[in-house]
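Below you'll find the structure, written out as structure tokens, and then a few comments.
Protein chains: 2
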Amino acid sequence: MTESLQIQLKKGVLEMCVLALLSKGDNYAYDIASRMAEAVGMGEGTIYPLMRRMQNDGLVSTYLQESGSGPPRKYYKLTKSGANALKSQVSEWIVFETAVRKILGDAT
Amino acid sequence: MTESLQIQLKKGVLEMCVLALLSKGDNYAYDIASRMAEAVGMGEGTIYPLMRRMQNDGLVSTYLQESGSGPPRKYYKLTKSGANALKSQVSEWIVFETAVRKILGDAT
DNA sequence: AACAAGTACCTTGCACGGCAAGGTACCATG
DNA sequence: CATGGTACCTTGCCGTGCAAGGTACTTGTT
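From first to last, the protein sequence lines stand for chains A and B. Letter by letter, the first sequence follows residues 38 to 145 of this note's numbering. Letter by letter, the second sequence follows residues 38 to 145 of this note's numbering.
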């Protein structure tokens, strides 16, 4: 029950984090998943539906590239609309985080 | 689609916030909902299932009290287990928030 | 040649929890 | 007696992360 907090916390934030990662350079899902797994414990099964959604929403575009080790990688690249989404999501995040901090108050 | 971010963000955090509010004094659902609605846009329909869950989990206990205006209020009071849950959730939150901040990096 | 292990892609079914909308009932004011 | 505020609660829906499973290519080991 307690560990479900972390699961729930991720919801909504993961997309923003992926956008932020991509803003620093194109990347492919498997690598994104690895980084996110380390940072916030994201599972691999999460990334592919997420990337698909983001592509459908026009936030990213894709291209294939050979890798030398394993199957070809599908790279994701931020679109302008994706960059805008990142900006607005970051500001929403900050508002939210500030509100939470205020509620927690001295409980920290 | 963008507004779903805020919805998703709330998941998991609301329980912690309610615990934090209760740590400052007993309160009843309707008032908690009003405060949370102002702070993070929580809907009223969210609070009752949440309080029920928290009671089932032994995080809060309840008692009734007349109100003079409307039906009697059902006050919620933090249990020891609830106070412990608050502490651990807050530290999880801080870890999480730090991780997110790190990923966002200079995107802020 | 055969096999495991690593990389990299993807899908299916499930569980959780917030929300909108709706409903009940009590009290005061007009 | 009707309106509006307080305060309780339920139902059904939807989004999304997860675990588990599956494919296929490459490299290293036996």
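C-beta: ideal position from N, C-alpha, C; glycine also.
Beta-ladder partner(s) of residue i, from DSSP
i, result
"A:K114", "A:S98"
"A:Y65", "A:Y112"
Contacts that residue i makes with chain B (C-beta to C-beta distance below 9 Å)
i, result
"A:V97", "None at all; the shortest Cβ gap to chain B is about 14 Å."
"A:A70", "Per Cβ cutoff of 9 Å: no residues; A:A70 is ~13 Å from chain B at best."
C-alpha distance - residue i paired with residue j, whole-angstrom precision
i, j, result
"B:G58", "A:A70", "One point to set straight first is that residue 58 of chain B is Leu, not Gly, in the sequence displayed. Approximately 35 Å, taken between the alpha carbons."
"A:M38", "B:N93", "For A:M38, the pLDDT reaches just 33, beneath the cut-off of 50, and the residue's location in the model is therefore unreliable, although a value from the coordinates is still provided. So the two alpha carbons sit approximately 12 Å from each other."
"B:E129", "B:L51", "14 Å"
"B:V137", "A:G78", "12 Å"
"A:G80", "A:A122", "23 Å"
Beta-carbon neighbours of residue i, restricted to chain A and to distances below 7 Å
i, result
"B:E134", "E134"
Per-residue contacts from residue i into chain A (C-beta, under 8 Å)
i, result
"B:A57", "I140, L141, G142, A144"
Test: residue i CB closer than 9 Å to a CB of chain A
i, result
"B:K61", "yes"
Neighbour list for residue i in chain A, Cβ cutoff strictly below 9 Å
i, result
"B:A202", "With chain B covering 38 to 145 only, the question about residue 202 of chain B has no answer from this structure."
Minimum Cβ-Cβ distance from residue i to chain B less than 9 Å
i, result
"A:M53", "yes"
"A:M38", "With a pLDDT of 33 at A:M38, under the threshold of 50, the predicted position of this residue should be treated as unreliable, though the coordinate-derived value follows. Taking Cβ atoms only, chain B reaches closer than 9 Å to A:M38, which makes this a yes."
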